[in-house]
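Number of protein chains: 2
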Amino acid sequence: MSLLARVEKSLVTHVEAASGRGAPPRLLAAMQHAVFSGGARIRPQLCLAVSMACGDNAPELSDAAGVALELMHCASLVHDDMPAFDNADLRRGRPTVHKAYGEPLALLTGDALIVMAYQVLTNASKAHPHRLGPLMHNMSQGVGLPSGIVAGQAWECETKADLALYQRAKTGALFVAATCAGALACGSDPTPWAALGANLGEAYQVADDIRDVILSAELLGKPAGQDELHHRPSVANDLGLNGAIHHFQRLIDQAADSVPPCTCKDMLQQLVRLEAQRLIPAASYEACLKQAPKATLATQH
Amino acid sequence: MSLLARVEKSLVTHVEAASGRGAPPRLLAAMQHAVFSGGARIRPQLCLAVSMACGDNAPELSDAAGVALELMHCASLVHDDMPAFDNADLRRGRPTVHKAYGEPLALLTGDALIVMAYQVLTNASKAHPHRLGPLMHNMSQGVGLPSGIVAGQAWECETKADLALYQRAKTGALFVAATCAGALACGSDPTPWAALGANLGEAYQVADDIRDVILSAELLGKPAGQDELHHRPSVANDLGLNGAIHHFQRLIDQAADSVPPCTCKDMLQQLVRLEAQRLIPAASYEACLKQAPKATLATQH
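Now the structure itself:
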C-alpha cells in the first residue's frame, strides 16, 4: 500500500471511531467536509516515512500519530479560512467550511478536530502507554504555545514580529512535529529527525509563497495573490520569484542532507525530492519566469 | 488551603509552565484575560473534592486535571461569546476576549487553551504515565464528539435537537468529566462518580436559566435575558420560575444523594448544598417571586 493510501485508510477509520454515536449530524458533516477534501496529506506521510525508517514497530500508533497531525492541520485551515482571518470562499476548489456550513459550525469544527486529534492518539496508545505522553507533548509543541501553528498565526496579530520566528511557527512547527512523531511512535529518539521537519517545513512555506504568485486560483484551488492582499510576509515578494525558487531548491537539498543515517536513507531522500517536484512543478515556474522579467517580480511588494 | 485557593495557585503555575518562552505577547495576554477573570472554578473544585474523597494520592495530577478542565471551560466561553454565537460584550463584568483583543485573537485564544489543557495533563502525568490515557479520554469525552460541550453547542446549529441531550452535552458533560477526573487522577474507578457530575451539571444549567431571568446584567456580569433573545431552550421559560426553582432544588438533592460511600461523604454533600446557595441565593429568588406572579413567568417564552 502507498503511504498516501495508508494515511487515507487510517483517517477514515480513526475519524469514525472517534466520532462515536449520536453526535450532531451537521457538525459531523462539517468535520468530514474539512478532513476529506483531497488534501495532500504531506504531514502524516512524512510521519509514516520516518516511522518506517525507525522500524515501524507499532504501525497502528504511527498511523494514529499521522492522523492526529492531519486533523490538527485541517482544524487550522478551517479557522484560518474564516472571516476573522483570510475570509476565503474556496479551499482545494470547494467551498470553505464556513461558506458551506456557516460560521458557528466552522468555529466548532475546528475545536472538535483539535479535541479529536488528541482522542485519536489516546485511542491508539493503549498497547504502548509509555509512548502517549511524549507523542502528546510533541503534538502540543507543534500546535500550541509558545511556537506551534496557533502561535504562528497569532504573530499576524502583533505589531512587531520576527519573520523567521513567524514562519517557523506558522508552518515549520507541524512539520517538525510530524517527523518527530514518526520516531516517537516507534519509541525512538526524535532528536535526529527534527532538522528534516524544519527544513521541509520552511521549503513548504516558501513553495506556498511561490505558488501564491505563479499559479492561478483554479490551479491553487483557493484564491491566488492572498499574501499581497493581506500584506503577509512572503519570500516570493522579498527575494523575487527567481530568488525564492533558488531558496526553495536550497532548502530541499538541506532537507535531503538532514536525513539521519538509517537503512531507508536513500528512499527518504528520494521522497523529499519527489515532494519538491509535486509542490512546484518545474514546468510551471519555468513558464512563469519566461513571461515575467526578474526585476518586475523582485519588486512586487 | 481552601479548594479555591488550591485551584487558583495551580492555574497560575500550570498556565505559566505550559506557555513556555517566546509566545506572541498579545495571544498570551488574551489567554490570561480569558483564564484569570474571577471565574467560580466550580469544575476544578469539584474534581479536587472527588480526588480528596478518593485519597488524593497524586495531588499534582489532580490539580492538573482540574486546571485542564477549567482551561477547556474558559476556551468554550471565549468561543461562545464571539459574534458567531452570543455576540456578547461582557463576561464576568469585563469585556469579552474578542471585545478586548479582536476576533482573530479570540479565535486563537480558544484554540490555544484547548491545546494547553492537554499539555497541562501531559506535563503532570510523568510520575503516573498509566493514568494519562484514561484522563485524556475522559476530558475528550467531556469536550468533543459525540456528546461533549462542543457537540452541545453544535446542537444549537441543528434544526431538530433533543432538549435533554442538548443540555446534558452543553453543560453536563464537563461536570461529569470533572468528577470522573478526580477519581481517575487517583487511579480510582470513575464510574460511581459520574452521577454526581451529571446531577450537578443539570442543576447548574437550570440555575443558569433561572439567573438569566431573575438577575440584572450588573449582578450576572454579562447581559441578562439572553436565552429569550436567542430563542434558546430554557427551563425557566418551560416550567416558569417557581417550577424551575423546585426542579433546581430537586436536582441538588439528587446530587447530594448520589455521592457514593466514602470517608468524606458528609463533607461532599455539604459542599454540594453550599454551591447550590452560591448559585441561587435564596434571598434573590424569593424577592423575585414576590414581585412577579407565577402565571406571568410561567408563560414567559
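Which chain is which? The protein sequence lines are A and B, in order.
The first sequence maps to residues 0 to 300 in numbering that gives the first Met the number 0.
The second sequence maps to residues 0 to 300 in numbering that gives the first Met the number 0.
Note that the Cβ used here is the ideal one computed from N, Cα and C, for glycine as well.
Since we're looking at a predicted model, the values are computed, not measured.
For residue i, count neighbouring C-beta atoms within 10 Å of its own C-beta (all shown protein chains included) and say buried if the count is 16 or more, exposed if not.
| i | result |
| --- | --- |
| T298 (chain B) | Because the pLDDT of T298 (chain B) is 35, which lies under 50, any placement of that residue in the model is unreliable, and the question is left without a value. |
| E155 (chain B) | buried |
| Y100 (chain B) | buried |
| P43 (chain A) | buried |
| G224 (chain B) | exposed |
| D110 (chain A) | buried |
| T178 (chain B) | buried |
| D88 (chain B) | exposed |
| D316 (chain B) | With chain B covering 0 to 300 only, the question about residue 316 (chain B) has no answer from this structure. |
| L267 (chain B) | buried |
| H229 (chain A) | exposed |
| M0 (chain B) | exposed |
| S215 (chain A) | exposed |
| L218 (chain A) | exposed |
| D211 (chain A) | buried |
| R130 (chain B) | buried |
| R20 (chain B) | exposed |
| R90 (chain B) | buried |
| A123 (chain A) | buried |
| A180 (chain A) | buried |
Below 8 Å CB to CB, which residues in the same chain sit around residue i once its five sequence neighbours on both sides are set aside?
| i | result |
| --- | --- |
| T170 (chain A) | I148, G151, G200, E201, Y203, Q204, D207 |
| A105 (chain A) | A29, V77, H78, D80, M81, T95, V96, H97 |
| R5 (chain A) | L47, D62 |
| A39 (chain A) | R277 |
| S146 (chain B) | Q140, L164, R167, A168, A172 |
| H246 (chain B) | V205, V234, L238 |
| M135 (chain A) | Y117, L120 |
| E7 (chain B) | R40 |
Starting from the beta carbon of residue i, find every residue of chain A whose beta carbon is closer than 7 Å, and list them in chain order.
| i | result |
| --- | --- |
| Y117 (chain B) | Y117, M135, S139 |
| G143 (chain B) | A111, V114, M115, Q118 |
| F84 (chain B) | P103 |
| L107 (chain B) | V149, Q152, A153 |
| L70 (chain B) | Correct list: empty, because the minimum Cβ distance to chain A is about 11 Å. |
| A246 (chain B) | The residue asked about is misnamed: residue 246 (chain B) is His in this sequence, not Ala. Under the 7 Å cutoff, chain A gives no residues; its nearest Cβ is about 25 Å from H246 (chain B). |
Can you list, in chain order, the residues of its chain whose CB lies under 7 Å from that of residue i, leaving out five sequence neighbours each side?
| i | result |
| --- | --- |
| A243 (chain A) | V205, D208, I209, V234, A235 |
| A254 (chain B) | L195, N198, L199, A202, V271 |
| A74 (chain A) | G109, L112, I113 |
| S18 (chain B) | L27 |
| Q269 (chain A) | none |
| H72 (chain A) | R42, L173 |
Residues of chain B with a CB under 8 Å from the CB of residue i: which are they?
| i | result |
| --- | --- |
| V175 (chain A) | The premise fails here: V175 (chain A) is roughly 15 Å from chain B at the closest Cβ pair, so nothing lies under 8 Å. |
| G65 (chain A) | Result: empty, since nearest Cβ-Cβ is about 18 Å, beyond 8 Å. |
| P23 (chain A) | A150, A153, W154, C156, E157, A160 |
| S124 (chain A) | G132 |
| H129 (chain A) | P128 |
| L3 (chain A) | Within chain B, no residue comes near L3 (chain A); the closest Cβ sits about 26 Å away, beyond 8 Å. |
Which same chain residues end up closer than 6 Å to residue i when comparing Cβ atoms and leaving out the 5 residues on each side of it in sequence?
| i | result |
| --- | --- |
| P259 (chain A) | P191 |
| L296 (chain B) | Unreliable positioning characterises L296 (chain B) in this predicted model, as indicated by a pLDDT of 40, which lies under 50. A coordinate reading is not provided. |
| L70 (chain B) | L112, M115, A116 |
| A275 (chain B) | I251 |
Could you check how far apart the C-beta atoms of residue i and residue j are, in whole angstroms? I think they sit under 8 Å.
| i | j | result |
| --- | --- | --- |
| P232 (chain A) | L162 (chain A) | 5 Å |
| V66 (chain A) | V119 (chain A) | 5 Å |
| L68 (chain A) | M138 (chain A) | 7 Å |
| S36 (chain A) | C185 (chain A) | Incorrect: roughly 30 Å between the Cβ atoms, too far for contact. |
| E157 (chain B) | P24 (chain A) | 7 Å |
| D188 (chain A) | A182 (chain A) | 7 Å |
| G132 (chain A) | T121 (chain B) | 5 Å |
| L60 (chain B) | A22 (chain A) | About 29 Å separates the two Cβ atoms, so there is no contact after all. |
| A57 (chain B) | H127 (chain B) | 6 Å |
| L10 (chain A) | V34 (chain A) | 6 Å |
| P103 (chain A) | A83 (chain B) | 5 Å |
| A64 (chain B) | C263 (chain B) | Their Cβ separation, rounded to whole angstroms, is 18 Å, which puts A64 (chain B) and C263 (chain B) out of contact at 8 Å. |
Starting from residue i, find everything on chain B with Cβ-Cβ shorter than 7 Å and list it in chain order.
| i | result |
| --- | --- |
| T121 (chain A) | G132, M135, H136, S139 |
| G19 (chain A) | L144, P145 |
| H78 (chain A) | L106, D110 |
If the cut is a Cβ gap below 8 Å, which residues of chain A does residue i touch?
| i | result |
| --- | --- |
| M81 (chain B) | L106 |
| L199 (chain B) | The premise fails here: L199 (chain B) is roughly 22 Å from chain A at the closest Cβ pair, so nothing lies under 8 Å. |
Run through chain A and tell me which residues come within less than 9 Å of residue i, C-beta to C-beta.
| i | result |
| --- | --- |
| P43 (chain B) | Going along chain A, no residue has its Cβ under 9 Å from P43 (chain B), so there is no contact; the nearest lies around 19 Å. |
| L89 (chain B) | None at all; the shortest Cβ gap to chain A is about 20 Å. |
**Q.** Runs of alpha helix (DSSP H) lying entirely within the region 165 to 222 of chain A, each at least 4 residues, in chain order
**A.** 172 to 184, 193 to 213, 216 to 219
Q. Where are the alpha helix (DSSP H) runs, 4 residues long or more, that stay fully inside the region 75 to 149 of chain A, in chain order?
A. Taken in chain order, the unbroken stretches of alpha helix (DSSP H) that lie wholly in the region 75 to 149 of chain A and span 4 residues or more are 96 to 100, 102 to 123, 128 to 142.
Q) Which whole runs of the alpha helix (DSSP H) in the region 24 to 79 of chain A are 4 residues long or more, in chain order? A) 24 to 34, 41 to 52
(Q) To be precise: take each residue of the region 217 to 244 of chain A, compare its Cβ to all Cβ atoms of chain C, and keep it if any distance is under 7 Å. Which residues remain? (A) Chain labels in this structure do not include chain C; the protein chains are A and B.
Q: Pick out the complete alpha helix (DSSP H) segments inside the region 226 to 261 of chain B, 4 residues or longer, and give them in chain order.
A: 234 to 256
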